[in-house]
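Inspection log for the structure reproduced underneath, given as structure tokens.
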Ligand SMILES: Nc1ncnc2c1ncn2[C@@H]1O[C@H](COP(=O)(O)OP(=O)(O)OP(=O)(O)O)[C@@H](O)[C@H]1O
Ligand SMILES: [Mg+2]
């Protein structure tokens with residue numbers, strides 16, 4: 140049997156569409172983990188990136204933190220956190236957030252730094268407050284790059300959130316982990332396919348958000 | 046337009062820069078004990094070579110840069126005493142590349158300050174539309190984004206945005222230096238026209254001495270190190286530069302350029318050599334002049350010709366010699382009149398009214414006499430002043 144047959148068999152088995160181990164449930168769990176981790180990472184990465192980028196300070200410290208974050212293997216971190224904190228949502232969230240913060244932080248910082256300084260100078264000269272300059276002058280122009288940072292973070296979370304299954308949680312990783320354990324390759328391939336599809340959907344979503352949120356004046360189209 | 050006709054309305058001083066020094070953290074002295082009185086409702090130009098401290102001086106006025114020493118008074122009050130946002134909102138700010146907000150449409154760019162001041166969206170947009178007209182922008186551009194405009198148009202938007210909340214003061218830092226000479230001339234003329242209508246107190250930075258002379262009511266020439274070399278009206282700058290640096294900075298043909306400040310209204314015109322297209326043989330023979338100017342039935346100039354080349358009843362406009370560019374007495378300066386005479390093969394300048402109809406002609410010799418007496422009068426003025 141080749142991969143396509145596995146895919147076909149997995150998705151046509153009606154048993155895979157119901158119950159606590161059904162595709163809707165696992166997909167729902169995976170999406171939830173992804174959204175939670177992305178929200179947390181954005182809550183940390185965006186404000187720090189925006190403010191440091193606006194003032195142009197702390198770039199070196201930032202890239203240090205980001206490199207360190209990238210160097211940490213997600214799986215190792217998961218094992219470590221589980222040993223320290225026991226089973227649960229938190230030990231899963233920590234590696235996912237650690238994974239997602241660096242791309243968000245670094246791209247946001249870079250996006251803010253790359254904004255043309257003359258509109259900022261003009262805004263300051265007309266008496267605009269710094270917070271407004273950040274949100275209404277720099278952010279709209281930096282938005283495409285910032286969104287691309289969020290997008291790569293989201294894609295990485297989608298594929299890495301499979302690790303939740305190793306510590307008895309749900310998500311699409313369940314199929315992969317259980318399938319490997321049971322030598323049920325149909326399940327492994329089915330799970331991997333779902334992860335890939337979810338990643339593509341994420342890409343499409345970000346594309347749509349960029350269409351709506353980025354001004355035509357910045358898109359230049 | 047003769048420059049001497051455009052003087053500030055009130056002789057009051059709006060901004061007083063009092064012995065101000067700016068030393069940057071790295072030790073660079075950008076401005077050194079500069080004192081300058083900036084008159085109300087007129088254009089004061091800061092001019093000088095690159096790095097002489099013009100931008101620094103300008104930015105100290107709206108506190109984008111804080112002086113290391115000295116004070117700046119606005120309407121008698123120390124600018125350090127007022128909240129910085131209030132101060133900046135009372136001063137429009139225009140920079141070299143316009144600095145437009147690329148994510149906002151043209152109307153919304155212009156409406157920025159009114160919106161910041163809490164105006165409603167409708168009112169702010171109506172105001173923006175009004176300003177677009179004032180700075181000569183087509184209303185069709187309102188919904189465009191900055192990248193869809195030419196450099197000159199963007200600069201007009203920059204000026205409109207600075208004027209939106211009707212601030213009494215306008216700070217302009219090399220606003221026209223990134224556009225080509227033709228567009229620049231258009232923008233300069235537009236600024237003079239707007240200034241005639243609005244009477245703002247404008248502080249204008251440029252490194253172009255011709256721009257300074259054209260726009261300034263007062264011109265401050267600065268030299269490297271942030272020193273003031275001379276502060277004078279442009280005509281005085283041209284007639285009596287304070288030192289070799291200023292003289293050198295002014296460049297050549299100072300004498301000719303200075304003629305822009307003398308009106309041509311008092312030139313004595315003659316209509317003797319002016320004949321109509323359907324002139325009779327007597328009309329052609331009567332004037333004792335080497336050249337005759339032929340006019341069309343509406344009185345507009347057609348061209349010059351020697352009398353012997355003209356045949357009564359058969360004057361061919363295409364065979365006449367060019368009359369150059371006529372001048373309008375009262376509006377144009379002696380420089381325009383002289384230029385016109387030099388360009389004409391006859392050596393005579395053609396004077397027209399605002400409708401383009403010939404009011405007379407004047408010889409180079411008469412213009413030369415007018416120049417001599419104007420210079421003599423100018424020197425007398427200086428003696429009185431100094
Ligand atoms: N932030 C700064 N830190 C240190 N030195 C500065 C700073 N800004 C300007 N300078 C220096 O101060 C001097 C005056 O600069 P300024 O920008 O005022 O000149 P300018 O007359 O506007 O020149 P240009 O015609 O090139 O715009 C220059 O020697 C410049 O290098
Ligand atoms: Mg400058």
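Chains as they are written, first to last, in my numbering: chain A, 140 to 360; chain B, 46 to 431.
From the three backbone atoms N, C-alpha and C, an ideal C-beta is built for every residue, glycine too.
Keep in mind it's a predicted model, so treat the numbers as computed, not measured.
- Of all C-beta pairs linking the region 333-344 of chain A to the region 72-86 of chain B, fewer than three are shorter than 8 Å, placing the two stretches out of contact.
- A straight line joining the alpha-carbon of residue 171(B) with that of residue 132(B) spans about 25 Å.
- Residue environment for residue 269(B): exposed (fewer than 16 other C-beta atoms within 10 angstroms of its C-beta).
- Per the C-alpha coordinates, the member of 419(B), 261(B), 289(B) positioned closest to residue 278(B) is 261(B).
- Judged by beta-carbon spacing, residue 118(B) lies beyond the 8 Å limit of residue 155(B), meaning their Cβ atoms are not closer than that value.
- Against chain A, the beta carbon of residue 252(B) has no neighbour under 8 Å; the closest one sits roughly 18 Å away.
- No heavy atom of ligand 1 is found nearer than 7 Å to the CB of residue 57(B).
- Residue burial annotation: residue 379(B) is buried, with at least 16 other C-beta atoms found within 10 angstroms of its C-beta.
- Chain order gives the chain B residues near residue 280(A) as 146, 147, 148, where near means a beta carbon separation below 9 Å.
- Interface criterion not met: the Cβ of residue 283(A) is under 8 Å from no Cβ in chain B.
- Judged by beta-carbon spacing, residue 404(B) lies within the 8 Å limit of residue 314(B), meaning their Cβ atoms are closer than that value.
- In the same chain as residue 274(B), and ignoring 5 residues on each side of it, the C-beta atoms closer than 6 Å to its own belong to 266, 268, 290, 291, in chain order.
- With respect to the C-alpha of residue 386(B), the residue from 411(B), 310(B), 97(B) having the closest C-alpha is 411(B).
- Out of 263(B), 288(B), 176(B), the CA that lies nearest to the CA of residue 280(B) is found in 263(B).
- For residue 272(B), the Cβ stays outside the 7 Å cut-off from all heavy atoms of ligand 1.
- In terms of beta-carbon proximity, residue 260(A) lines the interface with chain B, with at least one pair separated by less than 8 Å.
- Residue 164(B) sits in coil when the DSSP states are folded into three classes, being neither helix nor strand.
- Every alpha helix (DSSP H) of 4 residues or more that sits fully in the region 278-329 of chain A is shown, in chain order, as 278-299, 312-321.
- Taking 3 residues as the shortest admissible run, the region 58-118 of chain B contains the following complete beta strand (DSSP E) segments, listed from N- to C-terminal end: 58-68, 74-84, 88-92.
- Inclusion of residue 252(B) in the 7 Å shell around ligand 1 follows from its C-beta lying nearer than that to a non-hydrogen atom of the ligand.
- Taking a C-beta cut-off of 9 Å against chain B, the contacting residues of the region 238-268 of chain A are 255, 256, 257, 258, 259, 260, 261, 262, 263, 264, 265, 266, 267, 268, listed in chain order.
- By the Cβ rule, the region 119-130 of chain B does not count as touching the region 245-257 of chain A, because fewer than three pairs are nearer than 8 Å.
- One Cα belongs to residue 109(B), the other to residue 189(B), and the distance between them is close to 30 Å.
- Residues of the region 87-108 of chain B with a C-beta atom less than 7 Å from some C-beta of chain A are 107, listed in chain order.
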